[in-house]
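As given, the protein sequences belong to chains A and B, one line each in that order.
Take the UniProt record's numbering: the final residue in the first sequence is number 310, and no numbers are missing along the way.
Take the UniProt record's numbering: the final residue in the second sequence is number 537, and no numbers are missing along the way.
The structure appears below as structure tokens.
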Amino acid sequence: MTIRPASPLAQAPASAPAETVLPPARSPAAIALRRGLSHGGFLIGAGIVGFIVLVALAAPLIAPHDPYAQDVSRRLIPPVWHAKGSVEHLLGTDKLGRDYLSRLIYGSQISLLIGLSAALISGAIGTTLGVLAGYYGGRVDAVVSYVVTTRLAMPVVLVALAMASLVGGSLKVVVLVLGFLLWDRFAVVTRAATRQVRSQDFVAAAKASGFGPVRILAQEILPNILNALIVVATLEMAHAILLEAALSFLGLGVQPPLPSWGLMIAEGKQYMLFQPWVITIPGVALLMLVLGINLLGDGVRDITAPEGRH
Amino acid sequence: MSEPIVQIRNLTLALPRGADRPYAVEGLNLDLMPGRILCVVGESGSGKSMSAYALTGLLPRSLKAAGGEIRFEGRDLLRLDERAWRSLRGRRIAMIFQEPMTALNPVMRIGDQIAEMFEAHDLLTPRERRARAVALAGEVGLPDPEQIVRAYPHQLSGGQRQRAMIAMALALEPAVLVADEPTTALDVTTQAQILKLIRDIQQRRNMAVLFITHDFGVVADIADHVAVLQRGRLVESGSAEAVLRHPQHAYTKALLAAVPSLTPPKREPITEAPIALSVMNLAKTYATRSGLLGKPRVVAAVKEVSFDLRRAETLGIVGESGSGKSTTARLAIRLIEPDHGTVRLGSLDFTALGPTALRDERRRIQMIFQDPFASLNPRRTVEQIIAGGPIAHGTPARQARARARELLDLVGLPQTAAERYPNAFSGGQRQRIGIARALAMEPDVLVADEAVSALDVSVQAQVLALLEDLKARLGIAMLFITHDLRVAATICDRIAVMHRGEIVEMNRTEALFRAPEHPYTRNLLAAVPGAMFAESA
Numbered sequence: 001m002t003i004r005p006a007s008p009l010a011q012a013p014a015s016a017p018a019e020t021v022l023p024p025a026r027s028p029a030a031i032a033l034r035r036g037l038s039h040g041g042f043l044i045g046a047g048i049v050g051f052i053v054l055v056a057l058a059a060p061l062i063a064p065h066d067p068y069a070q071d072v073s074r075r076l077i078p079p080v081w082h083a084k085g086s087v088e089h090l091l092g093t094d095k096l097g098r099d100y101l102s103r104l105i106y107g108s109q110i111s112l113l114i115g116l117s118a119a120l121i122s123g124a125i126g127t128t129l130g131v132l133a134g135y136y137g138g139r140v141d142a143v144v145s146y147v148v149t150t151r152l153a154m155p156v157v158l159v160a161l162a163m164a165s166l167v168g169g170s171l172k173v174v175v176l177v178l179g180f181l182l183w184d185r186f187a188v189v190t191r192a193a194t195r196q197v198r199s200q201d202f203v204a205a206a207k208a209s210g211f212g213p214v215r216i217l218a219q220e221i222l223p224n225i226l227n228a229l230i231v232v233a234t235l236e237m238a239h240a241i242l243l244e245a246a247l248s249f250l251g252l253g254v255q256p257p258l259p260s261w262g263l264m265i266a267e268g269k270q271y272m273l274f275q276p277w278v279i280t281i282p283g284v285a286l287l288m289l290v291l292g293i294n295l296l297g298d299g300v301r302d303i304t305a306p307e308g309r310h
Numbered sequence: 001m002s003e004p005i006v007q008i009r010n011l012t013l014a015l016p017r018g019a020d021r022p023y024a025v026e027g028l029n030l031d032l033m034p035g036r037i038l039c040v041v042g043e044s045g046s047g048k049s050m051s052a053y054a055l056t057g058l059l060p061r062s063l064k065a066a067g068g069e070i071r072f073e074g075r076d077l078l079r080l081d082e083r084a085w086r087s088l089r090g091r092r093i094a095m096i097f098q099e100p101m102t103a104l105n106p107v108m109r110i111g112d113q114i115a116e117m118f119e120a121h122d123l124l125t126p127r128e129r130r131a132r133a134v135a136l137a138g139e140v141g142l143p144d145p146e147q148i149v150r151a152y153p154h155q156l157s158g159g160q161r162q163r164a165m166i167a168m169a170l171a172l173e174p175a176v177l178v179a180d181e182p183t184t185a186l187d188v189t190t191q192a193q194i195l196k197l198i199r200d201i202q203q204r205r206n207m208a209v210l211f212i213t214h215d216f217g218v219v220a221d222i223a224d225h226v227a228v229l230q231r232g233r234l235v236e237s238g239s240a241e242a243v244l245r246h247p248q249h250a251y252t253k254a255l256l257a258a259v260p261s262l263t264p265p266k267r268e269p270i271t272e273a274p275i276a277l278s279v280m281n282l283a284k285t286y287a288t289r290s291g292l293l294g295k296p297r298v299v300a301a302v303k304e305v306s307f308d309l310r311r312a313e314t315l316g317i318v319g320e321s322g323s324g325k326s327t328t329a330r331l332a333i334r335l336i337e338p339d340h341g342t343v344r345l346g347s348l349d350f351t352a353l354g355p356t357a358l359r360d361e362r363r364r365i366q367m368i369f370q371d372p373f374a375s376l377n378p379r380r381t382v383e384q385i386i387a388g389g390p391i392a393h394g395t396p397a398r399q400a401r402a403r404a405r406e407l408l409d410l411v412g413l414p415q416t417a418a419e420r421y422p423n424a425f426s427g428g429q430r431q432r433i434g435i436a437r438a439l440a441m442e443p444d445v446l447v448a449d450e451a452v453s454a455l456d457v458s459v460q461a462q463v464l465a466l467l468e469d470l471k472a473r474l475g476i477a478m479l480f481i482t483h484d485l486r487v488a489a490t491i492c493d494r495i496a497v498m499h500r501g502e503i504v505e506m507n508r509t510e511a512l513f514r515a516p517e518h519p520y521t522r523n524l525l526a527a528v529p530g531a532m533f534a535e536s537a
């Protein structure tokens with residue numbers, strides 16, 4: 001059967017809808033962005049995270065000193081707002097005389113690197129498992145659910161500690177351990193989201209068009225669970241950053257002399273009674289970053305929740 | 001004639017900023033008479049439901065009354081506070097909703113929910129409340145009232161749930177009953193019973209009823225007075241007789257003209273054309289297991305269904321919910337696998353294909369879905385949606401995209417629609433996109449599963465005309481699933497009536513409407529609302 005070309009059909013008498021005036025073309029992403037610009041939490045979160053990302057990227061340009069350069073004659077100088085502070089070291093120096101501001105700036109690189117790579121690894125594992133379980137259901141779902149339950153039964157901090165002390169702490173080990181431990185929420189959320197999308201008629205339509213499973217997953221399912229995925233990814237980033245700080249604080253994470261914020265808190269803890277700023281400064285930085293990421297994630301969820309219809 | 005019990009004067013409800021118009025309802029004047037039913041009719045978005053919510057003080061927060069008044073028993077309802085509303089609602093003004101399953105509390109027994117009406121207003125003793133609940137259940141025609149008041153909502157049928165809702169609404173003998181599309185979610189035979197019940201009770205108790213509906217058939221059956229709303233404005237009102245038989249306003253005339261007639265047009269029988277789709281002894285049962293060790297409950301959704309469909313022919317499958325008509329459609333295109341039976345496309349045994357061959361041959365039978373909002377991927381542009389299928393089958397992308405634009409022409413959409421996302425389109429436009437997607441595969445058979453059921457009548461008429469036109473032009477065979485006999489009469493050459501998984505009667509449309517043979521078909525035809533109105537149309 002063939003359909004004749006458009007010209008005679010264009011004047012089809014039956015198709016004369018009175019409703020052909022279309023609003024301006026806007027993609028769902030563009031609409032979400034517009035909504036984002038009027039969402040307070042999203043803007044604050046994006047501002048904080050954006051600022052820290054910029055600082056991390058421009059670290060070599062803006063850091064006033066070498067973060068590794070020690071100067072024992074200038075140990076534990078308090079920050080500039082202190083009576084004994086000096087303009088040369090805006091946030092003071094640590095017990096080895098290293099510039100605290102520079103270490104804080106370089107530390108942001110480590111936190112972001114760990115957050116991003118752990119979220120990427122765990123996101124890849126969890127999304128694959130979750131989407132497969134949600135799409136195929138049945139036996140695949142049973143197996144994946146079993147694996148997820150097993151994973152949930154393992155205490156994250158304890159396993160991470162054990163792994164780090166077995167293999168020896170380093171940046172690479174921390175990233176891998178966290179990446180392979182934090183995928184459970186990705187799996188659970190994408191499984192539920194996929195099941196929901198799978199039952200929609202447009203997936204049935206794709207199937208009826210003869211799409212194979214790969215095409216259906218990539219074109220029909222994934223774009224529609226992306227919102228949920230972004231929200232989980234931000235939460236897991238924050239989670240990974242906090243865990244890294246905890247591991248480093250316990251001496252099993254990032255090793256000195258790398259300027260990790262968790263490590264800075266650990267190194268400062270013996271001075272915290274008399275020089276409280278040695279732990280409050282990295283502590284506040286950590287708090288701001290995690291808060292910013294969480295606000296951003298919450299904002300994304302609010303903006304994209306009423307998806308689709310209008 | 002008596003005084004109106006409710007007077008709506010110049011009612012204006014403001015929509016939030018950014019809506020498609022400033023007012024949901026503008027300058028509305030309506031009178032409700034005791035012992036009379038006023039039907040408010042309109043298409044979706046006409047503001048008909050919002051006027052009902054204003055009368056019960058249940059307006060959504062985003063909507064503000066911007067002017068006018070609603071006078072009832074010497075008070076202006078728009079100025080009542082929440083406390084005053086609470087004592088008024090249920091006792092003087094009661095409401096019944098569209099979806100009785102969600103309007104009832106699923107974890108409370110029916111009788112307790114009826115009795116709660118008295119409890120909420122501190123009336124009667126617990127024992128008296130129970131007795132009244134049983135009496136009310138009897139009055140609304142629930143079978144075995146003593147027993148049924150102990151049932152939970154999920155144990156009742158849709159019609160019984162709506163009866164229970166009505167019993168709750170009647171409990172405190174309100175003077176005004178507001179009914180928002182109360183029969184829309186029900187099957188036609190149940191709908192006819194509920195309409196009769198509302199009519200009977202309203203006359204027995206001399207209640208004023210505000211009845212919201214989009215269905216002119218229902219209006220013809222139940223209304224004393226009719227008010228027609230278009231985009232928030234009252235365009236016509238008067239007695240049912242006057243509005244239905246002699247509409248004055250152009251919009252009312254257009255709406256009435258769009259209602260499909262129950263008298264099928266004359267159609268030549270199609271006997272020569274080659275058979276495009278042949279279904280033989282198709283069967284599907286579902287087994288649901290309650291709990292790990294529970295006994296499986298087997299439901300036969302489709303039992304030994306057989307039919308042939310010729311080129312350029314439309315076969316309608318009509319039936320009520322649960323009759324197996326949608327399952328039949330999904331079996332025919334192999335979205336679900338049958339227990340046994342064969343589906344043939346021309347000479348090809350479609351049911352015998354393995355996964356790879358099936359993927360290749362799927363293009364020959366395509367489907368148009370019911371819900372225009374769920375059937376288009378919101379993340380893909382219209383062009384990607386239409387061209388996706390052919391590209392997956394190896395058509396060069398450039399050619400598929402050019403074809404997509406031609407198809408947009410064909411279904412009556414501008415070519416500029418290609419770059420939009422589905423969210424830019426109305427329900428009727430989306431349905432056209434769905435049709436273009438199906439046509440892009442150049443199918444031999446088109447399966448339309450309730451394809452116009454979610455649309456307003458005027459849009460419905462346009463889409464039906466489009467389908468009819470395409471069928472004639474392209475020689476496509478169409479399997480048309482619907483619960484709406486009016487729609488079936490308009491578009492089908494032949495109709496198969498399904499009941500509990502079986503085809504009980506199959507005949508040419510004209511013959512089926514003229515001389516239905518099976519008792520179930522006769523019931524179904526008798527239950528179609530507005531039969532008298534069909535004669536005049």
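All C-beta atoms, glycine included, are put in the ideal place defined by N, C-alpha and C.
In this text the structure is predicted, and so the values were computed from the model without any measurement.
Asked, Found
"Whole-angstrom C-beta distance between A/PRO78 and A/TRP277, which should lie under 8 Å", "6 Å"
"Contacts of B/ILE333 in chain A (Cβ-Cβ under 7 Å)", "ALA208"
"Rounded C-alpha distance that separates B/GLU268 from B/CYS492", "11 Å"
"For B/LEU78 and B/ALA54, the rounded distance between their alpha carbons", "8 Å"
"With 16 other Cβ atoms within 10 Å as the buried cut-off, status of B/THR381", "buried"
"Residue environment, A/ARG139, which counts as buried when at least 16 other CB atoms sit within 10 Å", "exposed"
"Cβ of B/ASP349 within 8 Å of any chain A Cβ", "no"
"Assigned secondary structure, B/MET50 (DSSP; H/G/I helix, E/B strand, else coil)", "helix"
"Beta-carbon proximity check, B/GLY428 vs B/LEU455, cutoff 8 Å", "yes"
"C-alpha distance - A/ILE121 paired with A/ALA233, whole-angstrom precision", "11 Å"
"Proximity test, Cβ basis, 8 Å: B/TYR421 and chain A", "yes"
"Contacts that A/ASP141 makes with chain B (C-beta to C-beta distance below 7 Å)", "Neighbours of A/ASP141 on chain B: none; closest Cβ ~16 Å, over 7 Å."
"Cβ pair B/ARG430, B/LEU464 closer than 8 Å", "no"
"Distance CB(B/VAL40)-CB(B/LEU210) smaller than 8 Å", "yes"
"C-alpha gap between A/SER170 and A/ASP94, whole angstroms", "22 Å"
"C-alpha gap between B/PRO372 and B/GLU450, whole angstroms", "11 Å"
"Contact list for A/GLU88 against chain B, beta-carbon separation under 8 Å", "The premise fails here: A/GLU88 is roughly 54 Å from chain B at the closest Cβ pair, so nothing lies under 8 Å."
"Alpha carbon of A/GLY299 to alpha carbon of A/PRO223, nearest angstrom", "19 Å"
"Beta carbon of B/LEU262 nearer than 8 Å to that of B/ARG494", "no"
"Rounded C-alpha distance that separates A/ARG151 from A/ILE293", "25 Å"
"A/SER15 burial status per 10 Å Cβ neighbour count (16 or more: buried)", "Note that A/SER15 has pLDDT 38, beneath the 50 cutoff, so the model's placement of it is unreliable and the number below is only indicative. A/SER15 should be labelled buried."
"Reduced DSSP secondary structure (H/G/I, E/B, other) of A/ASN93", "One point to set straight first is that residue 93 of chain A is Thr, not Asn, in the sequence displayed. The answer is strand: DSSP assigns A/THR93 an E or B state."
"Below-8 Å beta-carbon distance, A/ALA205 vs any chain B residue", "yes"
"Same chain only: Cβ atoms within 7 Å of B/ALA526, ignoring 5 sequence neighbours per side", "none"
"A/LEU129 versus A/PHE249, A/THR194 and A/THR280, residue with shortest Cα-Cα distance", "A/THR194"
"Under 9 Å by beta carbon: chain A residues contacting B/LEU376", "ASP201, PHE202 and ALA205"
"Counted within 10 angstroms of its Cβ, other Cβ atoms place B/VAL528 as buried (16 or more) or exposed", "buried"
"Contact check, B/ALA276 vs B/GLY341, beta carbons under 8 Å", "no"
"Cα-Cα separation, B/ASP484 to B/SER453", "8 Å"
"B/ARG405: CB within 7 Å of a non-hydrogen atom of the ligand ZN", "With respect to the ligand ZN, the structure offers nothing, as it holds no ligand at all."
"Integer-rounded CB distance, given that A/LEU217 should sit under 8 Å from A/VAL131", "6 Å"
"Nearest candidate by alpha-carbon position, reference B/GLN366, set A/PRO256, A/ILE279 and A/ALA205", "A/ALA205"
"First through last residue of the alpha helix (DSSP H) which encompasses B/LYS253", "250 to 258"
"Cβ pair B/VAL411, B/ILE435 closer than 8 Å", "yes"
"Test: A/PHE211 CB closer than 8 Å to a CB of chain B", "yes"
"B/MET441 at chain A interface by Cβ criterion, 8 Å", "yes"
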